[in-house]
Amino acid sequence: MKRMTTPERLLAWLRRANEVATHALAEGRHPFGAVLVAPDGETVLLEQGNVSAVEHAEAVLAREAARRWAPEFLAGCTLVSTVEPCAMCAGTQYWAGIGRLVYGMTERELLALTGAHPENPTLDLPCREVFARGQRAIEVIGPVPAATPEIAALHRDFWRRA
Numbered sequence: 121m122k123r124m125t126t127p128e129r130l131l132a133w134l135r136r137a138n139e140v141a142t143h144a145l146a147e148g149r150h151p152f153g154a155v156l157v158a159p160d161g162e163t164v165l166l167e168q169g170n171v172s173a174v175e176h177a178e179a180v181l182a183r184e185a186a187r188r189w190a191p192e193f194l195a196g197c198t199l200v201s202t203v204e205p206c207a208m209c210a211g212t213q214y215w216a217g218i219g220r221l222v223y224g225m226t227e228r229e230l231l232a233l234t235g236a237h238p239e240n241p242t243l244d245l246p247c248r249e250v251f252a253r254g255q256r257a258i259e260v261i262g263p264v265p266a267a268t269p270e271i272a273a274l275h276r277d278f279w280r281r282a
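Structure (structure tokens):
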């Protein structure tokens with residue numbers, strides 16, 4: 121099912137996810153944020169910041185969503201992430217059955233900011249490749265260039281200090 125979303129709506133969702141990332145940063149965690157948007161395209165059902173190196177924002181959010189809602193409902197939802205989900209997070213979204221992904225900045229752009237930082241050994245595996253290996257379709261919208269500078273600024277500042 122193709123859902124129409126305006127560029128303004130995408131940017132609003134990504135800014136909300138970046139606010140979540142900012143809150144995670146204020147709590148001493150890596151600055152990643154994710155939100156789950158209901159099929160109505162308006163209601164934010166869940167928000168999640170990064171927890172740890174193995175509890176990424178997207179994966180924690182997808183697991184909680186799978187606990188709360190049926191796959192039929194999640195198929196109409198959108199996971200919005202500041203940065204393109206890594207292979208672990210894309211796989212968790214796939215298994216949760218969340219039907220659409222919107223992200224602001226690519227994993228490769230993140231790698232350019234973090235370099236070989238030991239706290240973020242970035243996988244160079246685009247989420248589209250992970251989803252392409254599955255049996256259910258996940259619609260992907262991203263990167264969203266209008267959101268990238270705001271998201272990148274948060275990461276640039278963090279990884280310089282980390």
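Residue numbering for the sequence shown follows my numbering, starting at 121 and increasing by one per position.
Idealized CB from N, CA, C, for every residue including glycine.
A quick note: this is a predicted structure, and the numbers were derived from the prediction, not measured.
{"Query": "Three-way DSSP call (helix, strand, coil) for L243 in this model", "Result": "coil"}
{"Query": "Option nearest Y223 by Cα separation, candidates A252, L243, V260", "Result": "V260"}
{"Query": "Residue from W215, R280, L134 with nearest C-alpha to R253", "Result": "W215"}
{"Query": "Candidates G148, A177, D277, T268, of which the one nearest R135 by Cα", "Result": "T268"}
{"Query": "L233, buried or exposed, once every other Cβ within 10 Å from all chains shown has been counted against 16", "Result": "buried"}
{"Query": "Which listed residue (V164, H176, L221, E178) has its alpha carbon closest to that of H195", "Result": "Checking the sequence, you will find Ala at residue 195 rather than His. Minimum Cα distance to A195 is reached at L221."}
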